[in-house]
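**Student:** Chains as they are written, first to last, in the UniProt record's numbering: chain A, 1 to 218; chain B, 1 to 191. In this text, a Cβ means the ideal position worked out from N, Cα and C, and glycines have one as well.
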């Protein structure tokens, strides 16, 4: 699939109606550019690493489904999206219908999930950055590195880069942790506590490789 | 929900030691045709819990999968088609997934299983947490967290794990010095 085609398909997706701050739901709807950047970069990564095509992919904290759907469009054989919020999954479901993609969704709390560590090749995720709930993104990463057998693609705030790398390598047993690129995530003024109209947050797109699979696909 | 997703899920209720495979109650199932990818199936064959797939397929009314399999069967087109159909084309739309130990039902609506746990079903993780005196495994209800921490290990420095529902661990260094911080954190647990 061509990049432009992918961009326009994803650009048409529905986003959160009523974002929930406790879940750090940030719709990127009116700010399509940022979301597309992620996807575009995952696409680039996909071209060099082959982590999506014909693979089983999980989207953790899928929200409205953008990343999982992008994975589906890019040739993942099977995608399951996981999210705690029913309304988000409903939107994600209708987005999948819109794109004519057959994607599974599971409503669950990622932190209390027992998932097989054999079925899933690749986890893609845009986790809560932990600005409201400290460490939320690390909890997601910990689970992702346990279940993925091939790779984890994840977004984290650039300001936490050293911490992410150290924790992934030392505590979560990642065999590699690589920042693929740094992006600007423009967060629109959604919630009352936002003082500025729009905030630019620097985020990193990471690719982690779980230890047990070191070398398997090199 | 495809049976591939069913094949990767387990019950995670507190105290359950073997939550796999989840039973299936069917109110409504669907078949959705998708293109077969033989290489994908050959790759998945080693990863799938075969017995669970066979049972799940049977529950959805598909009985064509053999009970016993070996890798050589992957050379057979007919076998691949059956495997493909069971793994990717059968969908549980309405019904429930059932914990094999407790019988607790996880409802499935519009193809989406609700695996959220009730508060009393969540495992309170007994994490190893460090204080200046070494590793202290501890778990406790949230109401008593602060009191116990200070009472038991005040002066020594201690750390306490909040219930997993809250998903948050509070680290206290030297107790006393961090009193204010604990209080502040506590406020954040309301939600």
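1) Where do the N-terminal and C-terminal ends of the beta strand (DSSP E) with residue 125 of chain A fall, by residue?
2) Buried or exposed, going by whether 16 or more other CB atoms sit within 10 Å of the CB of residue 21 of chain A?
3) What does DSSP give as the partner residue(s) for residue 112 of chain B in the beta ladder?
4) Do you know how far the Cα of residue 101 of chain B is from the Cα of residue 12 of chain B?
5) Since residue 2 of chain B meets chain A, which of its residues come closer than 9 Å, beta carbon to beta carbon?
6) Confirm, please, whether the CB-CB distance from residue 95 of chain B to residue 27 of chain B is below 7 Å.
7) Between the beta-carbon of residue 210 of chain A and the beta-carbon of residue 141 of chain A, is there less than 7 Å?
8) Does residue 89 of chain A get closer than 7 Å to chain B when you measure Cβ to Cβ?
9) My output table needs one value for residue 24 of chain B: the three-state DSSP class, helix, strand or coil.
10) DSSP has residue 95 of chain B in a bridge; who is on the other side?
11) What does residue 107 of chain A touch in chain B if you count any residue whose Cβ is under 8 Å from its own?
12) Where residue 219 of chain A and residue 176 of chain A are concerned, what is the direct C-alpha to C-alpha distance, given to the nearest angstrom?
13) Does DSSP classify residue 119 of chain A as helix, strand or coil?
14) Using a Cβ-Cβ distance cut-off of 7 Å, determine whether residue 130 of chain B contacts chain A.
15) Under a Cβ-count criterion, where at least 16 other Cβ atoms within 10 Å of its own Cβ denotes burial, should residue 207 of chain A be classed as buried or exposed?
16) Note down, one range per segment and in chain order, each beta strand (DSSP E) of at least 3 residues found wholly within the stretch 161-190 of chain A.
17) What do you get for residue 143 of chain A, buried or exposed, if any count of 16 or more other CB atoms within 10 angstroms of its CB means buried?
18) Does the beta carbon of residue 112 of chain A sit closer than 7 Å to a beta carbon anywhere in chain B?
19) Given a cut-off of 7 Å, decide if residue 104 of chain A and residue 5 of chain B are closer than it, judged by their beta-carbon atoms.
20) Note the first and the last residue of the continuous alpha helix (DSSP H) segment covering residue 94 of chain A.
21) Identify the continuous beta strand (DSSP E) that holds residue 76 of chain A and give its terminal residues.
22) Quick one: using the 10 Å Cβ neighbour count with 16 as the cut-off for buried, is residue 118 of chain B buried or exposed?
23) Mapping DSSP to helix, strand and coil, what is residue 133 of chain B?
24) Rounded to whole angstroms, what is the Cα-Cα separation between residue 81 of chain A and residue 109 of chain B?
25) Using a C-beta to C-beta distance shorter than 8 Å, which residues of chain A count as neighbours of residue 122 of chain B?
26) With a threshold of 7 Å between beta carbons, is residue 142 of chain B in contact with chain A?
27) Measure the C-alpha to C-alpha separation of residue 148 of chain B and residue 122 of chain B and round it to an integer number of angstroms.
28) Flag residue 109 of chain B as yes if its beta-carbon sits less than 7 Å from any beta-carbon of chain A, otherwise no.
29) Alpha carbons only, please: which of B/86, B/106, B/99 is nearest the one belonging to residue 31 of chain B?
30) Counting only C-beta atoms, is residue 29 of chain B closer than 7 Å to chain A at any point?
31) Output the distance between the C-alpha atoms of residue 63 of chain A and residue 167 of chain A, rounded to the nearest integer angstrom.
32) Just to confirm before moving on: does the CB-CB distance between residue 91 of chain B and residue 111 of chain B stay below 7 Å?
33) Which residues of chain B have a Cβ atom closer than 8 Å to the Cβ of residue 115 of chain A, listed in chain order?
34) Whose Cβ in chain A lies nearer than 7 Å to the Cβ of residue 60 of chain B?
**Tutor:** Result, derived from the coordinates:
1) 122-125
2) exposed
3) B/109
4) 10 Å
5) 78, 80, 102, 104
6) yes
7) no
8) yes
9) strand
10) B/26, B/108
11) 112, 113, 114, 115, 116
12) The displayed coordinates of chain A run from 1 to 218. Any statement about residue 219 of chain A would go beyond what the structure contains.
13) coil
14) Residue placement at residue 130 of chain B is flagged as unreliable, the pLDDT there being 45, under the threshold of 50; a coordinate-derived value is accordingly withheld.
15) buried
16) 174-188
17) buried
18) yes
19) yes
20) 86-98
21) Careful: residue 76 of chain A lies outside any beta strand (DSSP E) and carries neither H nor E.
22) exposed
23) Any reading at residue 133 of chain B must be qualified, since the residue scores a pLDDT of 43, below 50, and its modelled position is unreliable; no value is offered.
24) 15 Å
25) 112
26) Any answer about residue 142 of chain B is weak, because its pLDDT of 41 lies below 50 and its placement is not dependable; what the coordinates show is given next. Answer no: the Cβ-Cβ gap between residue 142 of chain B and chain A never drops below 7 Å.
27) Only weak support exists for where residue 148 of chain B lies, its pLDDT of 35 falling under 50; the value from the coordinates is given anyway. Cα-Cα distance, rounded: 22 Å.
28) no
29) B/86
30) no
31) 25 Å
32) yes
33) 8, 9, 10
34) Within chain A, no residue comes near residue 60 of chain B; the closest Cβ sits about 15 Å away, beyond 7 Å.
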